[in-house]
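In the working numbering, the protein residues as written are 517 to 597. A virtual CB, placed ideally from N, CA and C, is assigned to each residue, including glycine. Please read these numbers as outputs of a predicted model, since none were measured by experiment. See structure below.
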């Protein structure tokens, strides 16, 4: 499942996140998460944002997005390499 709070996207798995980003023409350089303890995410802007929204991500609030990130870290599912 893909999630957004309006300016970032994340997913249940890193593979799913990168696949969506690739389909939407997002540069891997936009990815935030490698080498960090935070779950991976991409910034959405410009045309890529419009394309992501066509993929029907689950829209969640900023607080829910932050909570999801915290849960992923505590469950050991942070998108790190």
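Please report the Cβ distance between residue i and residue j, rounded to the nearest whole angstrom; I am assuming they are in contact, meaning their Cβ atoms lie under 8 Å.
{"i": "residue 548", "j": "residue 557", "result": "5 Å"}
So, for residue i: in the same chain, excluding its five sequence neighbours on each side, which residues have a beta-carbon less than 7 Å away from its beta-carbon?
{"i": "residue 564", "result": "540, 541 and 542"}
{"i": "residue 578", "result": "521"}
Between the options, which has its C-alpha nearest residue i's C-alpha?
{"i": "residue 522", "options": "545, 586, 566 and 587", "result": "566"}
{"i": "residue 570", "options": "546, 537 and 580", "result": "537"}
{"i": "residue 532", "options": "579, 573, 578 and 545", "result": "573"}
From the DSSP output, read off the bridge partner residues of residue i.
{"i": "residue 530", "result": "DSSP output for residue 530 lists no bridge partner at all."}
{"i": "residue 539", "result": "DSSP, once it has assigned bridges, lists no residue as partnering residue 539."}
Give every residue of the same chain whose Cβ lies closer than 6 Å to the Cβ of residue i, excluding the five residues on either side of it in the sequence, and list them in chain order.
{"i": "residue 596", "result": "Reliability of the predicted coordinates at residue 596 is poor, the pLDDT of 48 falling under 50, and no value is obtained from them."}
Residue i: buried (16+ other C-beta within 10 angstroms of its C-beta) or exposed?
{"i": "residue 517", "result": "exposed"}
{"i": "residue 581", "result": "buried"}
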